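What follows is a set of notes on a single structure, which appears directly below.
Residue numbers (the working numbering): 1272 to 1416.
Have a look at this one:
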């Protein structure tokens, strides 16, 4: 059974914002002749690699809500120029909107059990997914979504 990670998307204000940031990173990688993948460098390397690579995703927290996910393709531990251990989280550069769920701030990343992971919005909720994020948030806060 796959295991997931949850991580704060620092600086992103919406799924659209994060999607644009990912597209820019992929564009930069292609310009350097690298594969089109999204890479996030983190200080701590996950220990449960096999479970994460068995179909796991990174769920992104945006403005206090788990809002989207990306499939994990690889986990690459390395040492930086100062000899400090770091880890590249390699993801498929395709952001999938999920049913939003509140999440308090935290540092780094956390494991996310598949049973606790929010479902994808999918085609059934396409009209909700097409709404501007601030409107979706407000409707959720009012209990209308």
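Heads up, the beta-carbon is just placed ideally off N, CA and C, and yes, glycines get one too.
If you're wondering where the values come from, they're calculated on a predicted model, not measured in any experiment.
- The alpha carbon of residue 1362 has as its nearest neighbour, out of 1303, 1312 and 1353, the alpha carbon of 1312.
- Between the C-alpha atoms of residue 1334 and residue 1341 there is a straight-line separation of about 17 Å.
- DSSP places residue 1287 inside the alpha helix (DSSP H), whose first and last residues are 1286-1302.
- Residue pairing from DSSP places residue 1279 in a beta bridge opposite 1332.
- A direct Cα-to-Cα measurement between residue 1352 and residue 1402 gives close to 44 Å.
- Counting of Cβ neighbours within 10 angstroms places residue 1286 among the buried residues, the total reaching 16 or more.
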